[in-house]
Amino acid sequence: MNLESQKLMRAFPNFKALIEGSHVTGGDPQGLLEYWIQNRQPICDAIEKPGTFLDIGCANGFLLACLQLWSAHQITPYGVDIDAGSLAMARDLLPEYASHFAQLSLGALPTRANLGLPTGFDYVYWNVWDGLDFDEPLCQTYAENAFAAARGGGRLILGFYDTDHGAVRRQLEWLVGRFGAYSKRLKLDTEFAWWDCEPRE
Ligand SMILES: C[S@@+](CC[C@H](N)C(=O)[O-])C[C@H]1O[C@@H](n2cnc3c(N)ncnc32)[C@H](O)[C@@H]1O
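Per this note's numbering: the sequence shown = residues 115 to 315.
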């Protein structure tokens, strides 16, 4: 077992349930843990200074908790999700930040200030949901809302978990056509790309 796995197991003895609560399943506990680390830890490459971090579709908050553990920089976690049960788990996992979680769809993200969330973030993370087609107006709204949350000098980080790499390439082509070239792309088993958003005028 490698050091990263040991570190995570020590910090979260119930890691299997936590990973499953983030909608990742399958394999034996050790394999699941290694898969989780391999496919989430690269997000830390995009975190180059301390700051606020919004996870859009945060589920049970385990990704945020892991990023706090992994990153060399202090992140202040925030999360939105449509699922109330997952949000309750996120508040249990990160009780210090319970007020930073809100039940909100990405489609309604511009209303976040009504729920006490900041208008801008240093980092916004969105795992572009599998099968999402940016030719559809709702999906375009999702992308616009995610980018808008990082405007004002923040960084929008996108993760693509879809194993259909052709679909991911098409999503990235649309995003680059609409928002311009990404600042960096990590072409791993799971792809990540991020955009540094211009400060608000
Ligand atoms: C695969 S989990 C991602 C968990 C974590 N962010 C990660 O990257 O590992 C996707 C989450 O997105 C949430 N979700 C789905 N549609 C959403 C929407 N329209 N707005 C906000 N969250 C949504 C789901 O409830 C689920 O918890």
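A virtual CB, placed ideally from N, CA and C, is assigned to each residue, including glycine.
Neighbourhood of residue i by C-beta distance below 8 Å, restricted to the same chain and skipping five residues each side
i	result
Glu162	His187
Gly135	Ala173, Asn174, Phe176, Ser200 and Met203
Cys311	Phe261, Ala264, Arg265, Gly266, Gly267, Gly268, Arg269 and Leu270
Beta-carbon proximity list for residue i, same chain, < 7 Å, skipping 5 on both sides
i	result
Arg154	Leu177 and Cys180
Gln285	Val242, Leu246, Phe248 and Phe274
Beta-bridge pairing of residue i - partner residues as DSSP gives them
i	result
Arg299	Ala307
Distance cut-off 6 Å: residue i Cβ against heavy atoms of ligand 1
i	result
Gly140	no
Ser136	yes
Ile196	yes
Asp169	yes
Ser213	no
Asn153	no
Asn241	yes
Alpha carbon of residue i to alpha carbon of residue j, nearest angstrom
i	j	result
Trp288	Phe248	7 Å
Pro156	Asp169	15 Å
Gly280	Phe293	20 Å
Phe317	Asp276	No information on residue 317 is available, as it lies outside the stretch 115 to 315 that the chain covers here.
Asn259	Gly141	35 Å
Leu132	Asn241	17 Å
Leu207	Gln182	12 Å
Pro143	Gln152	14 Å
Contact test: residue i Cβ vs ligand 3 heavy atom, cutoff 6 Å
i	result
Ala179	This structure lacks ligand 3; the ligands present are ligand 1.
Cut-off 6 Å between Cβ atoms - residues of its own chain near residue i, not counting five sequence neighbours on either side
i	result
Ile196	Ser219
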